[in-house]
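A short worksheet on the structure shown next.
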Amino acid sequence: MKDEKEKSFSSLNLQPSAFGSIHIPVLTKEVVEMLEVKKNGTYVDATVGLGGHASGILSRIGDDGKLIGIDRDEEALKHAREKLGNGRVHLMQGSFSEIEELLSRLNVQKVDGVLFDLGVSMLQLKEYRRGFSFLSGEKLDMRMDTAQDLTAWEVVNKYSGKELERILKDYGEERFAGRIAKAIDARRKKAAINTGSELAGIVAGATGRRGKTHPATKTFQALRIEVNRELDELRKGLVSALNVLKAGGRLLVISYHSLEDRIVKHFIKDNAREGLLKILTKKPVGPGSVEMRQNPSARSAKLRGAEKI
């Protein structure tokens, strides 16, 4: 079994992305197998990113199949377009909470499968000007859709201390939320906090934590969720996905932290209880040891799946 996992992962088609580093999609083999991709089927990659999972799906759907890729990030869509080409692929900018509306523009009512990969893409992390990284010397941003108004700079510099503490607790599950909020408040009274590296330094100083995980990890997660309304989008997106699935169609979600996974778990369980879904994963599927060695960012990934009844 171990040899099979190692072989299946090492044989993936991992290609340099357009911004110069290797883009490694998470759990690609498991995703394609659990989707039970059919020839001539219609599938939605609701977070198409740089097209890693989409490539795996395209390899199975045949000449008459159709893949609809959705992403809020216009820059990611440009790279996906270069990687995936045209023909069987329709790429659309938008949020996955708008799946039904986006599909209606293509005159598509029902699909055979929907995939969500909820992680931040390597493109967003590597492009420091986007402000997602602890190392960024550019202005705090963190918008997946750069056309929206709210940025991480606005949250960090203009939200009240109480609101900051709430966001860090609720969205980051940060036990030092109060201490970090106070440190941010004290610092911004002297001067605006402009960059990711500045903010990371403030958080590290407030917590005094050391270890493998950067002390600002949960703070940056919380800010990103607030800026992009990620949890609300996920709840709406799951409902939309269920609505567009055919009977026998499959819903797959890869999450990376407990807040997302909890929402997905309860959505699937609740709809299974109502007789709308059949649970495919009693426990979430994670990456094997080989994948984690080759792609450390995969270590927290959890894949859950369900089939529409």
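Read left to right, the sequence shown gives residues 982 to 1290 (this note's numbering). Where is the CB? At the ideal position from N, CA and C, for every residue including glycine.
Going along the chain, which residues of its own chain have a beta-carbon closer than 6 angstroms to the beta-carbon of serine 1281, five neighbours each way excluded? Tyr1237
In whole angstroms, what is the alpha-carbon distance linking asparagine 1209 and leucine 1131? 8 angstroms
Please name the residue, chosen from Leu1261, Leu1145, Lys1091 and Ala1185, that lies closest to glutamate 1207 on a Cα-to-Cα basis. Leu1145
Could you give the DSSP three-state label for glycine 1050: helix, strand or coil? strand
Answer yes or no: do isoleucine 1049 and glycine 1075 have a C-beta to C-beta separation smaller than 7 angstroms? no
Just checking my contact of phenylalanine 1157 with alanine 1187 at CB under 8 angstroms: how many whole Å lie between their CB atoms? 7 angstroms
To the nearest angstrom, how far is it from the Cα of aspartate 1093 to the Cα of leucine 1240? 27 angstroms
To the nearest angstrom, how far is it from the Cα of leucine 1291 to the Cα of glutamate 1179? Because the chain in this structure spans residues 982 to 1290, residue 1291 falls outside the shown range and cannot be described.
Determine, using beta-carbon pairs with one atom in the segment 1077–1097 and one in the segment 1218–1234, whether at least three such pairs fall under 8 angstroms. yes
Count the C-beta pairs between the segment 1074–1088 and the segment 1208–1225 that are closer than 8 angstroms, then say yes if the count reaches three, no if not. yes
Just mark arginine 1285 as buried or exposed, buried being the case when its beta carbon has 16 or more other beta carbons within 10 Å. buried
Boundaries of the beta strand (DSSP E) in which aspartate 1098 is found, first to last residue: 1092–1098
If you check the beta carbons only, do alanine 1197 and valine 1184 fall under 7 angstroms apart? yes
Continuous beta strand (DSSP E) stretch holding alanine 1228: start and end: 1226–1236
Suppose the cutoff is 8 angstroms on Cβ atoms and the five residues either side in sequence are ignored; what does the same chain contact list for alanine 1228 look like? Lys1289 and Ile1290
CB contact flag (leucine 1261, alanine 1287, <7 angstroms): yes
Have a look at Ile1161, Met1273, Val1245 and Leu1226 and flag the residue whose alpha-carbon is nearest the alpha-carbon of leucine 1016. Leu1226
Runs of 4 residues minimum, wholly inside the segment 1011–1071: which ones carry the alpha helix (DSSP H) assignment? 1033–1042 and 1055–1065
Looking at the strands, I want to know which residues DSSP matches up with methionine 1073. Ile1051
From glycine 1316 to asparagine 1021, what does the alpha carbon distance come to, in whole angstroms? This structure does not reach residue 1316, given that the chain is present from 982 up to 1290, and the question cannot be answered.
Extent of the continuous alpha helix (DSSP H) to which lysine 1150 belongs: 1142–1153
Check glycine 1286 in the structure and name its three-state DSSP category. strand
Sorted by chain position, which residues of the same chain lie with C-beta nearer than 8 angstroms to lysine 988's C-beta, five sequence neighbours on each side aside? Note that lysine 988 has pLDDT 41, beneath the 50 cutoff, so the model's placement of it is unreliable and no number is given.
Determine the DSSP secondary structure at valine 1266, reduced to helix, strand or coil. strand
Using DSSP bridges, identify the partner residues of leucine 1258. Lys1289
CB histidine 1071 to CB leucine 1031, shorter than 7 angstroms? no
Straight-line Cα distance separating lysine 1259 from lysine 1246: 12 angstroms
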